[in-house]
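One structure is given below, encoded as structure tokens.
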Amino acid sequence: MALLACEALTFAYPGAAVPALRGVSLTVEPGEYLLVVGPSGSGKTTLLRHLKSALAPHGARTGRVLFQGRPLEEVSRREQARRIGFVMQNPRDQIVADRVAGEMAFGLESLGCDPALARARIAEAASFFGLDGWFDRATADLSGGQCQRLNLAAVMAADPAVLVLDEPTAQLDPLAATEFMALVRRLNEELGVTVIMGEQRIEEAFASAHRVLVLEEGTVAACGEPRAVAARLFATGSPLVTALPAPVRIYHGVMGREIPGAREEAGATSAAVGPGGRVAATAPGPRASLPTIGDGTPAEDAVPAPLTVREGRCWLRRWCAERGHGAAPATPVPAEPMGCSEESGFTSPSAAEPERCSADGFGRKTGASRSVGIHGRDAALALRDVWFRYDRAGADVLRGLSLEVPRGSLCALLGGNGAGKTTLLKVAAGLARPLRGSVRVPGCPGRRGPFPGVALLPQDPQLLFSRSTVAAELAEMAEMAEMAKVAGGNQAEVVELCDLGGLLERHPLDLSGGEQQRAALAKVLLGSPTVLLLDEPTKGTDVLFKKRFGQLLCALTERGVAVVMASHDMEFCATWADRCVLLFQGIVSADDEPQRFFGANRFYTTAASRMSRDVFADTVTDGQVIAACGSVAAQGAEGERL
Amino acid sequence: MGTPPTAFLIPVHPIVELGFFLCAIGLGVFLLSPPFALVGAGAAALTLLLLQGRSAGRLIGAAVPLAAVVALANPLFVPLGQTVLFTYAGGRPYTAEALACGAMVAALLAAVLWWFASFNRVMDTVKLLYLFGRFAPAVSLTLTLVLRLVPSFGRRASAVAEARAGIGLGRGSGTKVPAIARVREATVVLASVSAWSLEHGMATAGAMESRGFGTGRRTTVPCWSFRWRDGAALGLMGALAAVVVAGAALGATEATFFPRVAMPAAEPMFGASLAAYGLLLLLPALVMGRERLRWHFSRARR
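From first to last, the protein sequence lines stand for chains A and B.
Per the numbering used here, the first sequence starts with residue -9, numbered consecutively.
Per the numbering used here, the second sequence starts with residue 58, numbered consecutively.
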């Protein structure tokens, strides 16, 4: 009997014209790891919340949710609380107690657990999840990663049969996110806990999940084994393919380019997934969906499509060897405009949608223009020998850091937690005054901040919202700009640039993560800054948003705005930045253009670079790897002809 | 900042700690006699010093001038007493007895201040909630949530203010900000924080419900267990406090200041209750001192 099942679940929020879920059916067997993916607004959260009555949203619902064969309404709240564990997105919102120990006890206490048993469970769970080091701390002092780990431990202490996670790593930095994913995987593998996880960040989870369910506009677009789902998404040309892990994208990019007919064929084989994705078990296996070469022999018969960097590396090495390309890392990388690099792999030129064409109008600067005059242009922001610490007795966070950002450039700040990225942004914005050294913003009178031409978009965009509609937020900023006699940005133009047309009358806190980010950015842009500082702008947003956001930033830099972006998102930085700066221990320890920066790095680099570095030199985005493969294939074909 | 919860260096049941502070502060304010006040102040300072180490020095130092002002000012308001030190303002006497009385009150004040500092350090909200929570679990949970909310409100407000300054709103852009603008800015920050706290509260409520809150009988998982050592400590404190109370009932702890300072020093109960009071107040200090010695020697032996 299935542990959890949805039968033709349809749900509409009150007053919504379109249902959030349409005929979603799924079954989850005990011990299974099901990954639910989909862009934001596709119904992931709505679906997951239906799996627990206490969290189910209010609205019009048809269809059933079954827990161990019983309708969920007939399972008592207490049993649901015990048997169905739920971890939500925001780590701090779920914490009730003020001490870690109290938080661990809360669930068990609410369930009326015997104190002696509860104590043993808490000790056990705390040891398993590694809470011992900070077990007596106040919950307010924990980092986001620690909070989420505590939430998971507290839920698991009640010994649930199934663990439901709703974008648990969206608010975490990549290191904490990776650790969290590893924990979930361990729970599934070592303890056999059934896991249902909705996620945007699927780099790790995609390979460890047994099945992947793809939601698109409230319906199941695909459901099945990860490789089959990836093949199907590529076959149907779904925009969701950009969310897949880099090895998968590169594999399909290369294979799709090599055999023009492969797309249709793959589409035909995986069309077995019926409407609603109910036939998950009969979804085509990886072999069935592999593209075949013209004469009918299966391509790469021994090597299945790669899911991880390790598999991807093996596959790529083999692929290149078969085409006579040795492990010489001296292949000239074809100069290619980066903005369209993502599409180049799987979309034939004729299939390019008009949306993409217009998007390319914003386009990235090409490799030639970007190398010109990074240092030749006049600086928009100059930090010289900046030292900073928060406490008199504390350690220095910035230690003699110097950085010059020219006008119209997009500079990415990378580095681990505590490397000083956020502090650097605060100092640059004039919110924190350096202990030593100087911050100059040419064109701004005075040497003390906050500088009028510099704007900082904080990590949490909600900090900037204080009104009841987006329009009121923008009006507030426009009024300020008028008062300060800044040539305020044109409101209509900014609304268009940030694509806020349909959101003006919404409450800012009701928007999705990506929409909030855009609304906050619009507010910032109305002050017409010459230097835009961004702190983790892509955290918790989906791939579709990231692409639009990257284009938006490019449009800004073309107008001469200098953008400095602190980010953990290496893929995003590799694709969109002009320049990458690695901060370590409060100083700049590497500073180069992205291709050379990531190409030179071994650990701290993109998945595409890690996967391809022993066959190609300096290929850091999947577009570049696919293009390099394309030239290898062309050379191979030429060699054969001769 | 999260200081780790501090016990009296050895783990004791919170009820023992609470009992001690009730005795120390409760008896202290009723024993109006210079030797008792001095013992109280001395024990309070020593305990605080042992608990907090060097950082207690500042708090102890800060109370001394305050106490001195109280002591020196008392004769200005109380012109009673035999021993006139000097006269001022046309013959108004400044007497030694009034000064002694002031000094005693000052010592009492300082002692209470220092005891409360120690109390704050030892009895964190978790212990208090544990002690009082068993009478009203729902109230104590609400209290935890509220207590957590207050500092988080403050943190959020300063984050909002900083974020707004970072995009040129609110304070900052001008050097002199008029008061009206400042009030307006504060209301905007407040609006932002309250909207956020509502959102946050809904999510927290959902998480609580999801984890079974309100689905039936609730238990409490105690973090402490009551051991024989705790019983012995409570018994000893009770006995010592009884001696002091008996002394007070027999008038041994009284002192008169006017017309001259007089104490029933000759009575046996005076000595007994003073000794009991001193021993009672020094109990934590003795325990902590013993633990330190034990640690010192165990390390030296290694």
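Ideal Cβ positions, reconstructed from N, Cα and C, are used throughout, including at glycine.
All values derive from a computational prediction rather than experimental measurement.
Is the stretch 193 to 202 of chain B touching the stretch 410 to 429 of chain A, taking contact as three or more C-beta pairs under 8 Å? no
Would K529 of chain A count as contacting chain B if we go by Cβ distances under 9 Å? For the purposes of this step, residue 529 of chain A is identified with residue 539 of the first sequence, where counting begins at 1. Not closer than 9 Å to any Cβ of chain B, the Cβ of K529 of chain A fails to qualify, so no.
Three-way DSSP call (helix, strand, coil) for A617 of chain A in this model: The residue labelled residue 617 of chain A in the question sits at position 627 within the first sequence. Helix, per DSSP.
Chain-ordered neighbours of M265 of chain B on chain A, where CB pairs are closer than 7 Å: Counting from one through the second sequence, the residue named residue 265 of chain B turns up at place 208. Within chain A, the residues near M265 of chain B are V86.
Determine which residues of the stretch 84 to 111 of chain A have a Cβ less than 8 Å from any Cβ of chain B, and write them out in chain order. Q84, I85, V86, A87, D88, R89, A91, G92, A95, F96, G97, L98, E99, S100, L101, G102, C103, D104, P105, A108, R109
Inter-residue Cα distance where the pair is V162 of chain B and T152 of chain B: Within the second sequence, numbered from 1, the residue matching residue 162 of chain B stands at position 105. Within the second sequence, numbered from 1, the residue matching residue 152 of chain B stands at position 95. Each residue's alpha carbon lies about 16 Å from the other.
Straight-line CA distance for E206 of chain A to R300 of chain A? Along the first sequence, one-based indexing puts residue 206 of chain A at 216. Along the first sequence, one-based indexing puts residue 300 of chain A at 310. Cα to Cα, the separation comes out at about 30 Å.
CB contact check: L204 of chain B to chain A, cutoff 9 Å: Your numbering for residue 204 of chain B matches position 147 in the second sequence. With 9 Å as the cut-off, L204 of chain B counts as an interface residue toward chain A.
Cβ pair A(-2) of chain A, T52 of chain A closer than 9 Å: Counting from one through the first sequence, the residue named residue -2 of chain A turns up at place 8. Counting from one through the first sequence, the residue named residue 52 of chain A turns up at place 62. Taking 9 Å as the Cβ cut-off, A(-2) of chain A and T52 of chain A qualify as a contacting pair.
Beta-carbon contacts of D104 of chain A that lie in its chain and below 6 Å, excluding the five residues immediately before and after: Counting from one through the first sequence, the residue named residue 104 of chain A turns up at place 114. Same-chain partners within the cutoff: there are none.
Check whether the stretch 131 to 141 of chain B and the stretch 311 to 330 of chain B touch, using three or more Cβ-Cβ pairs below 8 Å as the test. yes
Between E466 of chain A and chain B, is there a C-beta pair that is closer than 9 Å? Reading the first sequence from its first residue, position 476 is the one you call residue 466 of chain A. Cβ-Cβ to chain B under 9 Å: yes for E466 of chain A.
Looking at C-alpha atoms only, which residue of A:G182, A:A2, A:S599 is the closest neighbour of G208 of chain A? On the first sequence, position 218 is the one that residue 208 of chain A refers to. The candidate whose alpha carbon is nearest that of G208 of chain A is A:A2.
If the criterion is Cβ atoms closer than 9 Å, does the pair E561 of chain A and A236 of chain A meet it? As a position in the first sequence, residue 561 of chain A is number 571, starting the count at 1. As a position in the first sequence, residue 236 of chain A is number 246, starting the count at 1. Cβ distance < 9 Å, so E561 of chain A and A236 of chain A count as in contact.
Restricting to Cα atoms, I'd like to know which of A:A95, A:D122, A:S117 is closest to A144 of chain A. Translated into positions along the first sequence, residue 144 of chain A becomes position 154. A144 of chain A has its Cα closest to that of A:A95, out of A:A95, A:D122, A:S117.
Is A598 of chain A buried or exposed, if buried means 16 or more other CB atoms sit within 10 Å of its CB? The count along the first sequence starts at 1 and reaches residue 598 of chain A at position 608. A598 of chain A should be labelled buried.
Interface residues of chain B around K411 of chain A at Cβ under 9 Å? On the first sequence, position 421 is the one that residue 411 of chain A refers to. Simply none; closest approach about 15 Å.
Beta-carbon gap between G384 of chain A and L573 of chain A smaller than 9 Å: The count along the first sequence starts at 1 and reaches residue 384 of chain A at position 394. The count along the first sequence starts at 1 and reaches residue 573 of chain A at position 583. Cβ atoms of G384 of chain A and L573 of chain A: not closer than 9 Å.
With a 10 Å radius around its C-beta and 16 neighbouring C-beta atoms as the bar for buried, classify A318 of chain A as buried or exposed. As a first step, residue 318 of chain A must be located in the first sequence, where it is residue number 328. Note that A318 of chain A has pLDDT 49, beneath the 50 cutoff, so the model's placement of it is unreliable and the number below is only indicative. With fewer than 16 Cβ atoms within 10 Å of its Cβ, A318 of chain A is classed as exposed.
Which chain B residues are close to F660 of chain A, counting only those with a beta carbon under 8 Å from its beta carbon? Given a span of -9 to 632 for chain A in the structure shown, any question on residue 660 of chain A remains unanswerable.
Is it the case that the stretch 179 to 195 of chain A contacts the stretch 2 to 15 of chain A, given that we only count it when at least three CB pairs across the two stretches are under 8 Å? no
If you reduce the DSSP assignment to three classes, tell me which class M245 of chain A lands in. Taking the first sequence and counting its residues from 1, one reaches residue 245 of chain A at position 255. Correct three-state label for M245 of chain A: helix.
Hey, would you say R139 of chain A sits closer than 9 Å to L165 of chain A, going by beta carbons? In the first sequence, counting from the first residue as 1, residue 139 of chain A sits at position 149. In the first sequence, counting from the first residue as 1, residue 165 of chain A sits at position 175. The answer is no: Cβ separation not under 9 Å.
Are G182 of chain A and Q161 of chain A closer than 9 Å when you measure CB to CB? Your numbering for residue 182 of chain A matches position 192 in the first sequence. Your numbering for residue 161 of chain A matches position 171 in the first sequence. Their beta carbons are not under 9 Å apart, which means G182 of chain A does not touch Q161 of chain A by this criterion.
Closest residue to A116 of chain A among A:A91, A:G613, A:M171, A:E189 (Cα-Cα distance): As a position in the first sequence, residue 116 of chain A is number 126, starting the count at 1. Selected option, being the one with the closest Cα: A:A91.
May I ask you to list, following chain order, the residues of the stretch 415 to 426 of chain A that have a beta carbon less than 7 Å from some beta carbon of chain B? A419, L421
Just verifying my parser: in three-state terms, what is the DSSP assignment at C280 of chain B? As a working note, residue 280 of chain B is residue 223 in the second sequence. Reduced to three states, the DSSP call for C280 of chain B is coil.
So which of A:V622, A:F593, A:Y594 has the shortest CA-CA distance to F606 of chain A? Position 616 of the first sequence, counted from the first residue, corresponds to residue 606 of chain A. Of the listed residues, the one whose Cα sits closest to F606 of chain A is A:V622.
Does the beta carbon of P208 of chain B sit closer than 9 Å to a beta carbon anywhere in chain A? Residue 208 of chain B sits at position 151 when you count from the first residue of the second sequence. Output row for P208 of chain B: interface = yes.
Under 8 Å by Cβ, that's how I've got M(-9) of chain A and G59 of chain A pegged, so tell me the actual separation to the nearest angstrom. Taking the first residue of the first sequence as position 1, residue -9 of chain A is located at position 1. Taking the first residue of the first sequence as position 1, residue 59 of chain A is located at position 69. Sure, about 5 Å apart at Cβ, within 8 Å.
What are the residues of the stretch 490 to 509 of chain A that lie near chain B, defined by any Cβ-Cβ distance shorter than 7 Å? L499
Throw me the rounded Cβ distance for the L129 of chain B and G159 of chain B pair, which I believe falls under 8 Å. Here the question's residue 129 of chain B lines up with position 72 in the second sequence. Here the question's residue 159 of chain B lines up with position 102 in the second sequence. Going by Cβ atoms, the distance from L129 of chain B to G159 of chain B rounds to 7 Å, so yes, they are a contact pair.
Between G229 of chain B and chain A, is any beta-carbon pair separated by less than 9 Å? Walking along the second sequence from the start, residue 229 of chain B turns up at place 172. Any answer about G229 of chain B is weak, because its pLDDT of 48 lies below 50 and its placement is not dependable; what the coordinates show is given next. Yes, contact with chain A.
Taking Cβ-Cβ distances below 8 Å as the criterion, which residues of the stretch 214 to 228 of chain B are in contact with chain A? A216, V217, E219, A220, R221, A222, G223, I224, G225, L226
For V551 of chain A, count the other beta carbons within 10 Å of its own beta carbon; 16 or more makes it buried, fewer makes it exposed. Which is it? Stepping through the first sequence from its first residue, residue 551 of chain A is reached at position 561. It counts as buried.
Can you find a CB in chain A that lies within less than 9 Å of the CB of P68 of chain B? Counting from one through the second sequence, the residue named residue 68 of chain B turns up at place 11. Output row for P68 of chain B: interface = no.
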